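Worksheet for the structure shown next.
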Amino acid sequence: MKNSVAHASTTAGVCYHEVTMMTDLVTIARSLFAPGKGILAADESVHTATERLASYGIPTSAEMRRQYRDLFFGAEGIAQYLSGIILFSETLGECGNDGTLFPESLIARGIAPGVKVDLGTEPISDSPQELITQGLLDLPERLVGYKKQGAVFTKWRAVVRIDGDTLPTAGALHENARRLATYAKEVQSAGMIPILEPEVLLSGNHSRARARAVIAETFGTLFSVLDEHAVDRTSLIVKTSMALSGDASGKKDTPEEVAEDTVGVLMETIPADIAGIVFLSGGQTPDQAIANLKAISQRARELGAPWPLTFSYARAFQEEALALWQGKEENVPAARAAFLARLKEASVALG
Ligand code: 5MM
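Okay, structure coming up:
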């Protein structure tokens, strides 16, 4: 990659600057995979956060969203398990209950702040059951602002829906990959790390074999488009679903089955030189998400997988705590204890 960056530039000074920047990015990207640590995804958009709070009867104001973030970021001891937290843009400019800006408080504890930079999804006009991710239009300007606010990494989520052999279509996979590639290039130029998250949804009655095949097609398309756009792989992180039977299939996969198919397909499709792979929980229960992570880590070690792996869960870490919290101050200690217990289990699962 150092060479391809250098070839892209015209003067020695610029080459030196760009190569140095990429090297720094690789170091930062790798630090997110510090032993026993992973990433908390706390980047729910206003829409999703509102749904989550409302489902527990918690008021859905901006102040309650801020308190929801503080519930997790203010928990003592999280730095032992978290290398980074993905924030929603709103949270980057907010303060915790201690009066410190959230990014500042995270950095002080050695936790890297990241930010979700996509602007959500909309149906594709000629395949309305599929979704395309928005947010490229003003991305360069927004990145400058996020960096000033302390973000060192970013995330863009694309959604891949399985329906029998009909979905996903090749066109949807390709257009989402093209946008992921454009996003990754913009983010690297802005001096931050891109996390590329093409989420293969758990919803549906598909088999685990079908999920594996769709993950293969998704990453096959993605890495071919990344190459076409000459995206630097060494400082990018992939966020992926595990290979799981659909939630309406009636099949309960064992952790060993999940690990075999997940590590197998990632080794077939993801180049060795990316900075690392993180897993989303995707609607699994906390127990499933942790048991599957443990089996995946073990299988990856057995097979000598070339990239570091860790977690980047949202729901599997937050849902139990949210249910305990109920938006009430007196429930904060119990909710934080439940959250920390799950972080610790995930950390141990990495082996
Ligand atoms: C798939 O969702 C991501 C991981 O969360 P889970 O572990 O719960 O599956 C998550 O980072 C997601 O992208 C954010 O929560 C943002 O979601 P919205 O729907 O608000 O864009």
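Note that the numbering used here gives residue 119 to position 119 of the sequence shown, counting from 1, and the numbers run on in steps of one.
Beta carbons are placed, not taken as given, at the ideal position from N, Cα and C, and that holds for glycine.
As the structure is a prediction and not an experimental result, all values here were calculated from the model.
Taking C-beta atoms as the reference points, Arg-336 and Ile-290 fail to come closer than 9 Å.
If you look at Gln-129, you'll find it isn't in any alpha helix (DSSP H); it sits in the beta strand (DSSP E) that goes 127-133. Taking every protein chain shown into account, the CB of Tyr-146 has 16 or more other CB atoms within 10 angstroms, so this residue is buried.
Across the structure, Ala-243 and Glu-141 are spaced so that their CA atoms are roughly 36 Å apart.
For Leu-280, the distance from the CB to the nearest heavy atom of the ligand 5MM is below 8 Å. The C-beta distance from Gly-276 to Leu-309 rounds to 7 Å, short enough to meet the 8 Å contact threshold. The three-state secondary structure of Asp-163, taken from DSSP, is strand. Secondary structure in the stretch 263-339: the beta strand (DSSP E) runs of 3 residues or longer, each lying completely within the stretch, are 276-279 and 309-313 in chain order. Here the alpha carbon of Asp-273 sits roughly 44 Å from the alpha carbon of Ile-58.
For Thr-154, the CB stays at least 8 Å from every heavy atom of the ligand 5MM.
Contact annotation, Ile-215 with Val-231: C-beta distance approximately 20 Å; criterion of less than 8 Å not satisfied.
Between Val-117 and Ile-86 a beta carbon distance of about 10 Å is seen, past the 8 Å cut, so the two are scored as non-contacting.
Remark: the shortest separation between the CB of Ser-347 and any heavy atom of the ligand 5MM does not fall under 8 Å. Burial state of Ala-248 is exposed, judged by a 10 Å Cβ sphere holding fewer than 16 other Cβ atoms.
In the structure shown, the three-state DSSP call for Ile-195 is strand. In its chain, beyond the 5 residues on either side, Thr-221, Leu-222 and Val-225 have a beta carbon closer than 7 Å to the beta carbon of Ala-177. Checking the DSSP bridge columns, you'll see Arg-157 partnered with Glu-197.
By the neighbour-count definition (other C-beta atoms within 10 Å, threshold 16), Ser-105 is a buried residue. Val-263 and Ser-281 have their alpha carbons spaced roughly 16 Å apart. At a cut-off of 8 Å, the beta-carbon of Ser-297 does not count as near the ligand 5MM: no heavy atom of the ligand is closer than that. In the three-state DSSP reduction, Gly-96 falls in the coil class, being neither helix nor strand. With fewer than 16 other CB atoms across the displayed protein chains lying within 10 angstroms of its CB, Glu-228 is exposed.
DSSP places Ser-55 inside the alpha helix (DSSP H), whose first and last residues are 46-55. In this structure, DSSP gives Ala-181 a helical state, which the three-state scheme calls helix.
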